[in-house]
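Here the structure comes first, spelled out in structure tokens, and everything after it is commentary.
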Amino acid sequence: MSGADAILTVEGVSKSFGASLALDSVDLSIDRHQVVGLVGENGAGKSTLLNILSGILQPDTGTITLNGRPAAPANYAAANALGLSRVFQEQALIPNIKVYENLLLSHEGRYISYGQVMRSGEMIAIARELMREAGVEIDVTRRTSDLSFSARQLVEIVRACLVPVRILGIEHPVILLDEPTASLERADEEVFFRLMARMRQIGSLVFVSHRLSEVLASCDVIHVLKDGRSVKTLDPAETDERRLHSFMVGRERDADYYHEEEQQDAAERPAVFELRDLSHGGLYDGVTLAVREGEVLGIGGLLESGKSELGKGAAGVISPERGEVRIGGGAWEAPAIRRLIHQGLGYIPAERHAEGMITAFPVSWNLSLASGADLFSNRFGVWRSAAETRTTTNFIARLGIRARGPAVPCWTLSGGNQQKVVLARWLCRNLRVLVLDNPTRGIDAGAKEEIYGLIRRLTAEGVAIILITDELLELIGLSNRIVIMKHGRVAAIMPAPPAAKPSEQELIALMLSASGGQETRGGGEVAA
Amino acid sequence: MSKDSAIQANDGIIATPAPQRVPWRPDLAGGMWLPIAAVLALFVFFSLASDAFLTLRNMTGISGQASTLLLACLGASFVILMGSIDLSVGAIVLLVGALTVKVINVADIGAAALLVGLLFGAMLGACNGLIFAFGRIPSFVVTLGTLSIFTGAAWELLQGRALRYASASFEDLAIGQLVPHIPNIALFAFGTWLLMAVVGFKTRFGRYMFIIGGGEAVAGTAGIPVRRYKIYAFALSGMMAGLAGTLAVARLGAAGPTLGQDLLLNTLAAIVVGGTSLSGGVGGVHRTLIGVLIIALLDNGLNLMGVNQYTQMVIKGAVVVAAVLVGQDRGKFKVMK
Numbered sequence: 078m079s080g081a082d083a084i085l086t087v088e089g090v091s092k093s094f095g096a097s098l099a100l101d102s103v104d105l106s107i108d109r110h111q112v113v114g115l116v117g118e119n120g121a122g123k124s125t126l127l128n129i130l131s132g133i134l135q136p137d138t139g140t141i142t143l144n145g146r147p148a149a150p151a152n153y154a155a156a157n158a159l160g161l162s163r164v165f166q167e168q169a170l171i172p173n174i175k176v177y178e179n180l181l182l183s184h185e186g187r188y189i190s191y192g193q194v195m196r197s198g199e200m201i202a203i204a205r206e207l208m209r210e211a212g213v214e215i216d217v218t219r220r221t222s223d224l225s226f227s228a229r230q231l232v233e234i235v236r237a238c239l240v241p242v243r244i245l246g247i248e249h250p251v252i253l254l255d256e257p258t259a260s261l262e263r264a265d266e267e268v269f270f271r272l273m274a275r276m277r278q279i280g281s282l283v284f285v286s287h288r289l290s291e292v293l294a295s296c297d298v299i300h301v302l303k304d305g306r307s308v309k310t311l312d313p314a315e316t317d318e319r320r321l322h323s324f325m326v327g328r329e330r331d332a333d334y335y336h337e338e339e340q341q342d343a344a345e346r347p348a349v350f351e352l353r354d355l356s357h358g359g360l361y362d363g364v365t366l367a368v369r370e371g372e373v374l375g376i377g378g379l380l381e382s383g384k385s386e387l388g389k390g391a392a393g394v395i396s397p398e399r400g401e402v403r404i405g406g407g408a409w410e411a412p413a414i415r416r417l418i419h420q421g422l423g424y425i426p427a428e429r430h431a432e433g434m435i436t437a438f439p440v441s442w443n444l445s446l447a448s449g450a451d452l453f454s455n456r457f458g459v460w461r462s463a464a465e466t467r468t469t470t471n472f473i474a475r476l477g478i479r480a481r482g483p484a485v486p487c488w489t490l491s492g493g494n495q496q497k498v499v500l501a502r503w504l505c506r507n508l509r510v511l512v513l514d515n516p517t518r519g520i521d522a523g524a525k526e527e528i529y530g531l532i533r534r535l536t537a538e539g540v541a542i543i544l545i546t547d548e549l550l551e552l553i554g555l556s557n558r559i560v561i562m563k564h565g566r567v568a569a570i571m572p573a574p575p576a577a578k579p580s581e582q583e584l585i586a587l588m589l590s591a592s593g594g595q596e597t598r599g600g601g602e603v604a605a
Numbered sequence: 112m113s114k115d116s117a118i119q120a121n122d123g124i125i126a127t128p129a130p131q132r133v134p135w136r137p138d139l140a141g142g143m144w145l146p147i148a149a150v151l152a153l154f155v156f157f158s159l160a161s162d163a164f165l166t167l168r169n170m171t172g173i174s175g176q177a178s179t180l181l182l183a184c185l186g187a188s189f190v191i192l193m194g195s196i197d198l199s200v201g202a203i204v205l206l207v208g209a210l211t212v213k214v215i216n217v218a219d220i221g222a223a224a225l226l227v228g229l230l231f232g233a234m235l236g237a238c239n240g241l242i243f244a245f246g247r248i249p250s251f252v253v254t255l256g257t258l259s260i261f262t263g264a265a266w267e268l269l270q271g272r273a274l275r276y277a278s279a280s281f282e283d284l285a286i287g288q289l290v291p292h293i294p295n296i297a298l299f300a301f302g303t304w305l306l307m308a309v310v311g312f313k314t315r316f317g318r319y320m321f322i323i324g325g326g327e328a329v330a331g332t333a334g335i336p337v338r339r340y341k342i343y344a345f346a347l348s349g350m351m352a353g354l355a356g357t358l359a360v361a362r363l364g365a366a367g368p369t370l371g372q373d374l375l376l377n378t379l380a381a382i383v384v385g386g387t388s389l390s391g392g393v394g395g396v397h398r399t400l401i402g403v404l405i406i407a408l409l410d411n412g413l414n415l416m417g418v419n420q421y422t423q424m425v426i427k428g429a430v431v432v433a434a435v436l437v438g439q440d441r442g443k444f445k446v447m448k
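So the sequence lines, in the order shown, correspond to chains P and E. Converting from the first sequence to our numbering requires adding 77 to each position, the first position being numbered 1. Converting from the second sequence to our numbering requires adding 111 to each position, the first position being numbered 1.
Laid out in structure tokens, this is it:
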């Protein structure tokens with residue numbers, strides 16, 4: 078279908094990072110005035126492909142043809158000049174300047190007199206014109222940081238869509254939209270889709286989204302990426318969400334991989350960790366849950382569902398504004414990480430490099446990190462280095478951490494082994510509750526399975542586990558019960574015994590469903 | 112192409128850390144050979160360049176001068192290791208020096224004046240720490256402010272004059288020689304340095320300083336009481352500055368308005384030249400001794416060679432910038448502010 082009308086053609090593009098292949102000979106063609114949908118799981122290669130198209134990464138092999146000419150942008154500015162613009166997943170606006178300055182960012186040179194003086198009146202007029210054309214009602218003279226998150230996202234969308242045509246004079250821009258609707262409010266979504274329809278008149282769009290219904294509704298053609306390859310090209314008129322999703326996942330859940338036969342029957346056992354009415358400034362609201370001894374309570378939901386924030390709140394890393402927790406039937410108290418650690422809680426954050434470990438430091442230092450107040454120092458504050466080395470050596474052997482010794486800095490370890498070090502930090506303590514946020518993010522399949530095995534072993538010892546994860550298969554495979562969160566609230570709690578695991582489609586439907594109420598499935602119970 | 116390789120592909124994007132050029136080693140001497148070589152080179156150079164350098168008298172002099180600097184640096188090294196900065200060290204030396212002389216002149220408590228100095232210093236440092244930790248203001252700003260406050264308060268006390276004291280036992284603390292040719296202040300400085308090096312390596316406080324400097328967010332997530340240890344570090348920095356101030360006035364026989372003025376640059380220079388990174392988490396108090404020797408040798412040697420004050424400032428500044436250029440892992444920063 079790479080017809081004569083193609084504006085952008087991608088042929089045989091591959092990209093590898095070290096030993097791993099992120100994109101494997103991908104072909105893609107985008108026609109003039111076409112909206113192309115790009116879907117796939119996390120890590121399927123969507124962002125890598127967009128990064129290559131927008132000049133942020135360079136392909137190892139393959140060619141990109143834009144408007145009949147080969148294009149190899151060396152950076153984002155070069156891609157911009159060619160007529161490729163992008164809305165990034167993370168916002169790329171400068172918060173402390175005016176909206177119009179952000180809209181015309183890096184094009185100020187056109188509005189400067191005498192070398193330095195900005196003709197701000199002219200800039201404001203042009204910015205207003207852009208907003209009017211886009212159908213967006215935002216005062217361009219406001220400070221960007223005073224706008225809501227959703228409004229800032231709209232500003233960014235307007236910039237990516239209209240600046241190439243109206244300012245740079247690009248004849249037929251290609252606009253790359255990476256999850257543009259993830260942070261938009263309802264009303265702004267409508268504005269966005271109207272703008273998208275208008276943009277199709279003057280250019281082409283690539284639309285990446287996890288919201289399959291939006292992709293189906295707004296695209297002319299949908300490409301499914303999986304494991305770095307373009308596996309399927311679909312006509313949205315002849316497909317539905319279910320089929321689309323089955324192409325994205327394209328594999329069956331493997332009971333062995335998640336050690337499902339080892340799943341504990343925890344239904345009758347006492348609750349170890351209870352949350353009561355946890356709320357925090359719109360991120361999560363009124364969450365009441367309980368985890369039992371030996372149980373894995375999985376928490377799923379979209380990126381903005383508040384599940385990670387809930388994990389931080391429950392563990393007391395960022396104390397919630399309202400609500401209490403208790404461990405083992407003790408006193409209800411507002412969560413505070415230090416006291417909870419003392420009572421037997423462990424917390425593993427999703428961002429391993431920013432919050433989980435200090436990679437410049439040795440394995441032993443990272444392992445002892447949470448136990449400095451008790452296990453590894455005496456009451457005079459003298460560090461017990463010998464005990465630290467002994468425990469670390471012990472855990473390197475027990476968990477099969479591939480490190481030459483306790484003194485090796487952690488940055489020499491692979492992601493999977495790093496995560497095992499972070500786990501060992503809690504395993505060396507008397508653990509009763511473990512809160513895990515995406516514990517297998519960015520680690521390879523073998524290490525994943527080892528971590529799943531470890532989680533099972535912990536539950537066999539009676540540890541209660543809260544598993545917050547974006548990976549549906551992991552959520553289904555490991556959990557005894559699954560909590561689905563939506564807009565900061567518990568939308569549903571469903572049981573997931575080994576014999577009757579819910580399907581991914583069921584969970585996705587719950588995550589996306591419009592109703593805000595709490596649903597429970599047969600046998601499901603609303604916790605405490 | 113299997114699912115495994117896709118997951119590994121994912122691994123490649125997210126987990127592979129940017130290769131760091133300088134591997135971090137927990138051993139004592141890691142990365143210290145360059146500064147040690149610099150000390151030896153300076154020593155040899157000044158021995159050849161000036162006849163007066165390699166004499167017993169001059170060596171005794173150097174040890175006295177270097178001691179104040181070393182004492183003042185010991186606590187501040189922990190603060191920098193923790194990723195913060197203490198600009199008020201010199202001002203605390205001045206204010207505590209002035210306060211101690213006032214106390215001695217009211218009641219000659221002799222050697223007990225040391226305790227007074229430690230206490231005053233710790234209190235001033237704790238002020239820095241409390242404002243920094245609870246006010247969530249950058250330590251640079253807090254200590255720049257208190258630098259001015261403490262200096263002003265001290266000048267207020269001194270009324271612009273040098274305040275003398277007359278107490279033989281107090282004087283003996285610094286310039287007496289328990290060991291021949293080595294002033295007592297040098298013994299104090301070296302002993303305190305040893306103690307602080309042990310604190311850095313063998314205690315929870317020392318470990319937490321490394322960890323807060325290496326990754327404050329990680330420390331917080333693991334339940335380390337970050338705020339409390341920040342206050343401890345500043346209090347210790349003030350306490351060491353107080354000790355330095357007390358012994359400095361004991362050595363000089365008076366608290367003058369210019370006391371501690373050169374310490375603002377010299378403490379930072381010695382710590383950084385010694386190899387403790389301003390970005391935090393790298394270095395250690397034990398290294399500061401080497402940095403102090405470099406700065407003290409430079410001061411003394413350039414003086415003996417007759418290099419004027421202004422040229423000395425130029426040279427010292429250049430040494431500091433060069434040391435940071437050579438030693439710092441600049442890949443760690445995306446934006447330098």
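Each residue gets a CB set at the ideal place from its N, CA and C atoms; glycine is no exception. Everything numeric in this text was worked out from a predicted model, so none of it was measured.
Determine the chain P residues that contact residue i at a beta-carbon separation under 7 Å, and present them in chain order.
i: G334/E; result: I414, R415, I418 and A447
i: R318/E; result: G449 and W460
Alpha carbon to alpha carbon, how far is residue j from residue i? Give it in angstroms, no decimals.
i: Q582/P; j: T469/P; result: 42 Å
i: K497/P; j: E167/P; result: 29 Å
i: R109/P; j: I201/P; result: 31 Å
i: R163/P; j: H322/P; result: 25 Å
i: G145/P; j: P241/P; result: 19 Å
i: T466/P; j: C505/P; result: 12 Å
i: A222/E; j: Y424/P; result: 51 Å
i: L535/P; j: G375/P; result: 15 Å
i: A149/P; j: T140/P; result: 8 Å
i: E386/P; j: W488/P; result: 27 Å
i: G383/P; j: A264/P; result: 21 Å
i: A450/P; j: R416/P; result: 11 Å
i: F94/P; j: W304/E; result: 47 Å
i: E381/P; j: G236/E; result: 43 Å
i: A155/P; j: L245/P; result: 12 Å
So that I know if they touch, is there some Cβ in chain E lying closer than 8 Å to that of residue i?
i: Y334/P; result: no
i: P397/P; result: no
i: V459/P; result: yes
i: M434/P; result: yes
i: I463/P; result: Looking at the sequence itself, residue 463/P is Ala, so the reference to Ile does not match. With 8 Å as the cut-off, A463/P does not count as an interface residue toward chain E.
i: V301/P; result: no
i: A437/P; result: yes
Using a C-beta to C-beta distance shorter than 9 Å, which residues of chain E count as neighbours of residue i?
i: A431/P; result: G326, A328 and V329
i: F394/P; result: It should be noted that the sequence gives Val, not Phe, for residue 394/P. Within chain E, the residues near V394/P are G331, T332 and G334.
Nearest CA to the CA of residue i: which residue from the options?
i: C184/E; options: V432/E, S390/E, V431/E and L374/E; result: L374/E
i: N414/E; options: F164/E, H397/E, W144/E and F299/E; result: F164/E
i: E548/P; options: I395/P, M325/P and K389/P; result: M325/P
i: D297/P; options: F284/P, R288/P and K303/P; result: F284/P
Is there a Cβ of chain P sitting closer than 8 Å to that of residue i, yes or no?
i: G392/E; result: yes
i: I322/E; result: yes
What does residue i reach in chain E if we use C-beta pairs closer than 7 Å?
i: Y424/P; result: T332
i: A367/P; result: Going along chain E, no residue has its Cβ under 7 Å from A367/P, so there is no contact; the nearest lies around 23 Å.
i: S454/P; result: R315
So for residue i, helix, strand or coil by DSSP?
i: A83/P; result: strand
i: P130/E; result: Caution applies to P130/E, whose pLDDT of 38 falls short of 50 and renders its modelled position unreliable; the value that the coordinates give is listed next. Correct three-state label for P130/E: coil.
i: R275/E; result: strand
Is there a Cβ from chain B that is less than 8 Å from the Cβ of residue i?
i: A427/P; result: Absence of chain B from the displayed structure is noted, the protein chains being P and E.
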